[in-house]
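From first to last, the protein sequence lines stand for chains B and S. Numbering-wise (numbering that gives the first Met the number 0), the first sequence opens with residue 0 and increments by one. Numbering-wise (numbering that gives the first Met the number 0), the second sequence opens with residue 0 and increments by one. All residues carry an ideal CB built from backbone N, CA and C; glycine is no exception. No experiment lies behind these values; they were computed from the predicted model shown.
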Amino acid sequence: MRYHAHLADICAEEGGTTLGPAYASRPARGLPLAPLGGFVFTGIEIEVENVSVHELAAPEPWSVVPDGSLRNSGMELLSRPIRTLQSLRQYCNKYTELRHTFPWRDSIRTSTHVHLDARSMRLQHLVKLLAAYNVVEPFLYRHCGAIREENIYCVPLYRADTLTENVVSGVISGRFDQVLREACKYSGLYVGPISTFGTVEFRMAPSFRTGAGVMEWVLMLHHFYNAALAANPEWVHSCLDRGEYAPVLAQLLPEELMRHVPPVGELADIIEENTCDTRAMALYDLFLPRRERAWVCPEMPAVERLTLAGVAHERLEREDDDDDEIGRIENEDEWHGPEEEY
Amino acid sequence: MFQVPRDDDFADIRQWLNGGLFCDEAGIAYKFTGMGEDRRATGWPVYPDESLAVAPRNFRQSEIYLHWPLCGAVNNKNKKFALYVQRLPRRQYARTFCPQQVEVLVPRGYEVLARIGTRRNSLDANSNEVLRALFYPEYPANYEEAEQWLEDGWLSVALTRRVTLVKAEGKLLVFDGMTHVGHVMHRKLCPFTSTHHTLKVLKAFKGALQL
Chain B
0 MRYHAHLADI CAEEGGTTLG PAYASRPARG LPLAPLGGFV FTGIEIEVEN VSVHELAAPE
60 PWSVVPDGSL RNSGMELLSR PIRTLQSLRQ YCNKYTELRH TFPWRDSIRT STHVHLDARS
120 MRLQHLVKLL AAYNVVEPFL YRHCGAIREE NIYCVPLYRA DTLTENVVSG VISGRFDQVL
180 REACKYSGLY VGPISTFGTV EFRMAPSFRT GAGVMEWVLM LHHFYNAALA ANPEWVHSCL
240 DRGEYAPVLA QLLPEELMRH VPPVGELADI IEENTCDTRA MALYDLFLPR RERAWVCPEM
300 PAVERLTLAG VAHERLERED DDDDEIGRIE NEDEWHGPEE EY
Chain S
0 MFQVPRDDDF ADIRQWLNGG LFCDEAGIAY KFTGMGEDRR ATGWPVYPDE SLAVAPRNFR
60 QSEIYLHWPL CGAVNNKNKK FALYVQRLPR RQYARTFCPQ QVEVLVPRGY EVLARIGTRR
120 NSLDANSNEV LRALFYPEYP ANYEEAEQWL EDGWLSVALT RRVTLVKAEG KLLVFDGMTH
180 VGHVMHRKLC PFTSTHHTLK VLKAFKGALQ L
């Protein structure tokens, strides 16, 4: 198998650059690098309006900060890095309790942002996550509601995407730090926090009205996160290339989100009209060996390859006493144009 | 499309609509031009039909809807060629569609634009013809209709938000977004790639093409 030199990190089974130590400038203190799989460390931010910071006397375990971008005394509830399911449940129960106590409101201005730990990821895991995210993104937005799709603070990649292209070129050129710098904050999935906290941020959810809603959303993201990292890129790539989307989604999405997935015909329309397949394949393509990355349609008639040796032979026949440089090629059969390098 | 929140004050709304477009309840797009003394927003309509008379209209807060249309390949009926409108993911202050946030591209642009004598820079996303194409997109229903458009003088036709046919080199070039993925010659499709979607779209425009 021949890979591009900079893709070694992508394709190697072991080793390679770990994102946390390489890029995170302000990771949470005392938080160990946890292995991938299982419950990854999670951070939650929930924006609410119509309540001031001073009114919330004891929001523990949440902490609160005012947020000037919101209206009517808007503020943000912040969690510490959540390490266990039990801890997540405590946060969500407290959220429900606070919600019953204070008349705060959600609106189109408020949202829930979930940070998932990416410090233990290697580049290949992040590319896998982004590729899988491209496939499932419309269905995550369906869960969050139609208004979120048009919200300018969490624009889906299928509506405005330069991230995919940047990641592909960043991986090939080996300049991944530039990808993190150029990532747009107001995207549904924001990878910029990798360079600060060492997390990826899912921004598309609205402010949920109950703790159960928060819990369900976080667990859905956990399921997707782990499934995306476990997915076999070659299998997903071949499914997408054949237009078989249902098995891919069944693997990546939890059951709760599968209810948003329509029947096969409509599903294909959603994925293809939103270019989800193409963008995901561009990323999964990085995992494939070079010989499979040259897509040639089997129906295409074979084109005879024009080689310099052939041209030289023709010219030599035409011009017997030719003395130019083509005539000096000695071993014509062994040379067929410049070697491609990858 | 969603309504402006009722608890936002007019100073905010002025800021959010500034430089952008909003819609009325029926989905007609309006270019925001300012706030009147009666605290109403004034908008110049961009109607789907070019022949309709255009006059400014005032809107109460409850009548304003925010909308970001889906971008992609659309047909410019005025100049008879296809555009590819790409949304740019960057921070914006207007909360609705904002022409500065999109890039207007043309598949096989150097040839198409030269033929109609238009410069690349003149494709302003704030022009009525581009806005009309974007807010009220129209596509041919089948391949025969697309061919009919091309016979009627169109230089390129968008079949869907992704796929465009461009008339060039004595054949029809097929573009997926801005990528040249194959061509159609004598109603025979010769794809360069095995991209499933492109093949499927072109098969769906049935009755004409062989693979």
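C-alpha of Tyr152 (chain B) to C-alpha of Thr274 (chain B): approximately 21 Å in a straight line.
Leu69 (chain S) belongs to the set of residues whose beta carbon lies under 8 Å from a beta carbon in chain B. The beta carbons of Thr95 (chain S) and Glu272 (chain B) sit no closer together than 8 Å.
Closer than 8 Å to the CB of Arg86 (chain S) there is at least one CB belonging to chain B.
Residues of chain B with a Cβ closer than 8 Å to the Cβ of Asp6 (chain S) are, in chain order, Arg70, Asn71, Ser106.
Taking 8 Å as the cut-off, the beta carbon of Arg70 (chain B) is found no closer than this to the beta carbon of Glu46 (chain B). A direct Cα-to-Cα measurement between Arg202 (chain B) and Thr109 (chain B) gives close to 11 Å.
Spatial neighbours of Leu55 (chain B) in its own chain (CB-CB distance under 6 Å, excluding positions within 5 residues in sequence) are listed in chain order as Val63.
The C-beta distance from Arg158 (chain B) to Leu69 (chain S) rounds to 7 Å, short enough to fall under 8 Å. At least one CB of chain S lies nearer than 8 Å to the CB of Thr274 (chain B). Close partners of Thr159 (chain S) in chain B (Cβ separation under 8 Å): Glu272.
Counting C-beta pairs with one atom in each stretch, the segment 75-84 of chain S and the segment 153-172 of chain S have three or more that are closer than 8 Å, which means they touch. About 6 Å separates the beta carbons of Leu251 (chain B) and Ala227 (chain B), which is inside the 8 Å limit, making them a contact pair. The Cβ neighbour count for Glu265 (chain B), taken over all protein chains shown within 10 Å, is under 16; the residue is labelled exposed. For Trp216 (chain B), the uninterrupted alpha helix (DSSP H) run begins and ends at 210-229, by DSSP. Counting only runs of at least 4 residues, the segment 137-194 of chain S fully encloses the following alpha helix (DSSP H) elements, listed from N- to C-terminal order: 142-150. Contact check for Gln91 (chain S) against Ile12 (chain S) fails: the beta carbons are separated by 8 Å or more. DSSP lists B:Thr17 as the bridge partner or partners of Arg121 (chain B). Under the three-state reduction of DSSP output, His114 (chain B) falls in the strand class. For Leu65 (chain S), the residues of chain B that pass the 8 Å Cβ criterion are Glu149, in the order they occur in the chain. The continuous beta strand (DSSP E) containing Phe80 (chain S) extends over residues 80-86. By the neighbour-count criterion, in which a residue is buried when 16 or more other Cβ atoms sit within 10 angstroms of its Cβ, Glu24 (chain S) is exposed. Taking 8 Å as the cut-off, the beta carbon of Val190 (chain B) is found closer than this to the beta carbon of Val199 (chain B). Close to chain S, meaning a Cβ-Cβ distance shorter than 8 Å, are the following residues of the segment 159-191 of chain B: Ala159, Asp160, Thr161, Leu162, Cys183, Lys184, Tyr185, Ser186. Contact of Ile269 (chain B) with chain S is not assigned, every C-beta pair being separated by 8 Å or more. Using a CB distance cut-off of 8 Å, Gly176 (chain S) counts as an interface residue toward chain B.
Looking at the backbone, the Cα of Val217 (chain B) and that of Val113 (chain B) are separated by about 7 Å. As a beta-bridge residue in DSSP terms, Arg56 (chain S) pairs with S:Gly42.
Near chain B, meaning a CB-to-CB distance below 7 Å, the residues of the segment 73-98 of chain S are Arg86, Leu87, Pro88, Arg89, Arg90, Gln91, Arg94.
In the three-state reduction of the DSSP assignment, Leu20 (chain S) falls in the strand class. Taking a beta-carbon distance threshold of 8 Å, Phe1 (chain S) counts as an interface residue toward chain B. Within the DSSP bridge table, the entry for Ala28 (chain S) names S:Cys22, S:Val45 as partners.
Inclusion of Val183 (chain S) and Ala72 (chain S) in the CB contact set at 8 Å is not warranted, their separation being larger than that value.
By the Cβ rule, the segment 132-150 of chain S does not count as touching the segment 238-253 of chain B, because fewer than three pairs are nearer than 8 Å. Pairing Ile63 (chain S) with Phe9 (chain S) gives a Cβ-Cβ distance that is not under 8 Å. Distance from the CA atom of Gly176 (chain S) to the CA atom of Arg82 (chain B), rounded to whole angstroms, is 43 Å.
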